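Engineer:
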Amino acid sequence: MSGSGQSVLRQAVEGLLRARADAERGLDEVAARVATAAVRPAETARAGRHPLARRVADEAAAVGARLPDELAAVATATRMAIATEVHALLDLLAVGHHQLPPLPPLDAGPLAGPGDRAFLAAFSEGFARSYVATVLGDLARGRAVSKADAAAHPGALQVDVDAARSLIVAAVAPEHRELVREWLSHPNCHAVEIHGPQVSDRDLELRAGWTRPPDHGTDSADKWRVRPDGRVVSEHAAGIEASRFSSPEAFARPLGVFLDAAARHPGGLDGLLDQHFPAGIAPIFIDAERARLAPGDVTGVRGAGTGTVPAAKDWRKLRNSAMKKDGECLPPVHTVPYDPFQDGSDAGVRLIFKKRGTWSMTTYYPTGEPAHDNVRLEELT
Numbered sequence: 004m005s006g007s008g009q010s011v012l013r014q015a016v017e018g019l020l021r022a023r024a025d026a027e028r029g030l031d032e033v034a035a036r037v038a039t040a041a042v043r044p045a046e047t048a049r050a051g052r053h054p055l056a057r058r059v060a061d062e063a064a065a066v067g068a069r070l071p072d073e074l075a076a077v078a079t080a081t082r083m084a085i086a087t088e089v090h091a092l093l094d095l096l097a098v099g100h101h102q103l104p105p106l107p108p109l110d111a112g113p114l115a116g117p118g119d120r121a122f123l124a125a126f127s128e129g130f131a132r133s134y135v136a137t138v139l140g141d142l143a144r145g146r147a148v149s150k151a152d153a154a155a156h157p158g159a160l161q162v163d164v165d166a167a168r169s170l171i172v173a174a175v176a177p178e179h180r181e182l183v184r185e186w187l188s189h190p191n192c193h194a195v196e197i198h199g200p201q202v203s204d205r206d207l208e209l210r211a212g213w214t215r216p217p218d219h220g221t222d223s224a225d226k227w228r229v230r231p232d233g234r235v236v237s238e239h240a241a242g243i244e245a246s247r248f249s250s251p252e253a254f255a256r257p258l259g260v261f262l263d264a265a266a267r268h269p270g271g272l273d274g275l276l277d278q279h280f281p282a283g284i285a286p287i288f289i290d291a292e293r294a295r296l297a298p299g300d301v302t303g304v305r306g307a308g309t310g311t312v313p314a315a316k317d318w319r320k321l322r323n324s325a326m327k328k329d330g331e332c333l334p335p336v337h338t339v340p341y342d343p344f345q346d347g348s349d350a351g352v353r354l355i356f357k358k359r360g361t362w363s364m365t366t367y368y369p370t371g372e373p374a375h376d377n378v379r380l381e382e383l384t
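Position in the sequence shown (first residue = 1) + 3 = the working numbering.
#1: State the Cα-Cα distance for the pair A151 and G29, rounded to the nearest angstrom.
#2: Helix or strand or just coil, what does DSSP make of M364?
#3: To the nearest angstrom, how far is the alpha carbon of D165 from that of G233?
#4: So, V352 versus P369, is the Cβ gap smaller than 7 Å?
#5: So what does DSSP say about V175, is it helix, strand or coil?
#6: Using a Cβ-Cβ cut-off of 6 Å (strictly less than) and excluding sequence neighbours within five positions of S348, which residues of its own chain qualify?
#7: Return the chain-ordered list of same chain residues with a C-beta closer than 7 Å to the C-beta of A136, the five sequence neighbours on each side being excluded.
#8: Just tell me which of S188, D25, L187, F130 has its CA closest to the CA of A315.
#9: Could you check what DSSP says for K226 in three-state terms: helix, strand or coil?
#10: With DSSP as the reference, label E331 as helix, strand or coil.
#11: Cα-Cα, which of A255, A78, I85, D300 is closest to A22?
#12: In whole angstroms, give me the CA-to-CA distance for E238 and R359.
#13: Within the continuous alpha helix (DSSP H) that includes S133, where are the two ends?
#14: Could you check what DSSP says for G6 in three-state terms: helix, strand or coil?
#15: Taking the C-alpha atoms as reference points, what is the distance between A173 and L103?
#16: Would you mind giving the Cβ-Cβ distance between L207 and V148, rounded to the nearest angstrom? I have them listed as a contact below 8 Å.
#17: If contacts are defined as beta-carbon pairs under 8 Å, then R247 and A294 qualify, I think. What distance do you get, rounded to the angstrom?
#18: My parser needs the beta strand (DSSP E) runs of 3 or more residues fully inside the stretch 238-278; what are they?
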């Protein structure tokens, strides 16, 4: 199948799991209303004290007593139907797009009970159960973000970016300020523009949902736009998450940690980078504790239902398809608030340097986990 097929499968899984949550909620409400409706006529009839009235009361009560079991049967059948379809879709994703073997059969037993835990137990451990768990876990708080929202959002002001950069430089130790200013002012560096404290939560939401850069509208920004036919055009392929530092001080602290460590190398910063990254690209990771950061120092937004590698890949396919022309695109993508340091498995910051004659920073941002090619600071010093 093509990438669009992958995105359609992902969309269908989300839609069915959302329908299952709505059905559970709706049946619970019906059961509560029916129970009340059955009790009232029985109580009214018994108040009449006539034998015929008492018989009517008993019949009404008997009907009310049967209804919970009948509704429970409907609920079980609904869960079974939805779980069967979700299982079939996940099997297509596993085999056709993630190079995995066919899924084990669905276990219908747990579906007799309500709730997420019982529903999850019907799916085999591994790919299927973890996939359903991450999508279900984000359903309630997932927020739909539309292409129109992204297009209408006000652009950034260069004066705000410049002010944030100045505050960050001021928060760095005096001996490092000139170098940090040079890094953050380099035309190929977008660390402040995309991840600085001036970036709003809404900017992050639109970044994750539609790849719209937080500095959209400034001269140096990615020329992101929505064409008249509805296609989103972007030069930068954003990941599943967008993040920022919450204050100039939080932005500055890991830079100070890195520069202090580099200063202890016999060849200084350039010697450190030259020694370990002869190809001229230096992707470095500093864990949150070493970077002197804590929850609250960073914030972010990520795609909803992206808690596993396969689910994250499929969500990106869904977003890519949604960015196509009107009439071809899928419904709005969903995102959720995300604190990389509370929710990530190995939180820290990534620093990316590139050598163009001299070493310069290209980007720097907080993240829940290091990338596969990141080298930890402790391995360099």
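Beta carbons are placed, not taken as given, at the ideal position from N, Cα and C, and that holds for glycine.
Since this is a predicted model, take the numbers as computed values, not measurements.
Structural biologist: Concretely, from the data shown:
#1: Distance between the alpha carbons of A151 and G29: 31 Å.
#2: Reduced to three states, the DSSP call for M364 is strand.
#3: Just so you know, the alpha carbons of D165 and G233 end up roughly 32 Å apart.
#4: Yes. Within cutoff.
#5: Here V175 sits in coil by DSSP.
#6: E372.
#7: Hits under 7 Å: L123.
#8: The shortest C-alpha separation from A315 is found at F130.
#9: If DSSP states are grouped into helix, strand and coil, K226 belongs with coil.
#10: Three-state DSSP puts E331 in coil, outside helix and strand.
#11: That would be I85, whose Cα lies nearest to the Cα of A22.
#12: Each residue's Cα considered, the two are about 21 Å apart.
#13: Following the DSSP letters along the chain, one finds S133 inside the alpha helix (DSSP H) bounded by residues 130-142.
#14: Reliability of the predicted coordinates at G6 is poor, the pLDDT of 46 falling under 50, and no value is obtained from them.
#15: Taking the straight line from one Cα to the other gives about 52 Å.
#16: Wrong, their Cβ atoms sit about 11 Å apart, outside the cutoff.
#17: Rounded to whole angstroms, the Cβ separation of R247 and A294 is 15 Å, and the two are not in contact under 8 Å.
#18: Taken in chain order, the complete beta strand (DSSP E) segments of 3 residues or longer contained in the stretch 238-278 are 244-248.
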